[in-house]
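S.K.: In my numbering, the protein residues as written are 127 to 237.
Input: one structure, supplied below.
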Ligand code: SF4
């Protein structure tokens, strides 16, 4: 198993709990069903966000678009709800989201 596919450890999950992106996602409006239409990535090449597995592509370009996106928190909430571990969503990489998804489930349960 490669390092990037391993299960997050408790330290990583605790760090994800403190991540401001996760906190903002928790406060994102859930009734906004049209958030995708306002995303900065709407006209971007999908491969920027979902590169071929063998491409070894840096997520920097996708993350830069996310950083200016008005629906970043809603997008991340969607990806965490869906448990999506592929591509860049809401300004996070798949690797970051692995721990975040576990922290998210706990936070949503406790809300
Ligand atoms: S946060 Fe990133 S992935 Fe999500 S809609 Fe905005 S640009 Fe697209």
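Here a beta-carbon is modelled for each residue, glycine too, at the ideal position from N, C-alpha and C.
Between the Cα of residue 205 and those of 195, 223, 193 and 140, spot the shortest distance and give me the residue it belongs to.
M.R.: The shortest C-alpha separation from residue 205 is found at 223.
S.K.: Pick out whichever of 202, 187 and 186 has its Cα sitting closest to the Cα of residue 154.
M.R.: Closest by alpha carbon: 202.
S.K.: For a test of the three-state rule: what should DSSP assign to residue 219, helix, strand or coil?
M.R.: Note: residue 219 maps to coil in three-state DSSP.
S.K.: Given a cut-off of 9 Å on the beta-carbon distance, is the pair residue 161 and residue 197 in contact?
M.R.: Yes, the pair counts as a contact, with Cβ atoms nearer than the cut-off.
S.K.: Taking the alpha helix (DSSP H) that residue 144 falls in, what are its first and last residues?
M.R.: Residues 136-144.
S.K.: Is the separation between the beta-carbon of residue 191 and that of residue 150 shorter than 9 Å?
M.R.: Not a contact, by the Cβ cut-off of 9 Å.
S.K.: List the whole-angstrom C-beta distance separating residue 225 from residue 146, where the pair is believed to meet the contact cut-off of C-beta under 8 Å.
M.R.: Wrong, their Cβ atoms sit about 15 Å apart, outside the cutoff.
S.K.: With residue 219 and residue 172 assumed to form a contact (beta carbons below 8 Å), what rounded beta-carbon distance in angstroms separates them?
M.R.: Incorrect: roughly 16 Å between the Cβ atoms, too far for contact.
S.K.: What number of angstroms, rounded off, separates the C-alpha of residue 236 from the C-alpha of residue 132?
M.R.: So the alpha carbons of these two residues sit roughly 26 Å apart.
S.K.: For residue 199 versus residue 188, is the C-beta distance shorter than 9 Å?
M.R.: Contact: no.
S.K.: Could you tell me which whole alpha helix (DSSP H) segments of length 4 or greater appear in the segment 146-230?
M.R.: The segment 146-230 contains these whole alpha helix (DSSP H) runs: 146-152, 172-175, 186-193 and 198-208.
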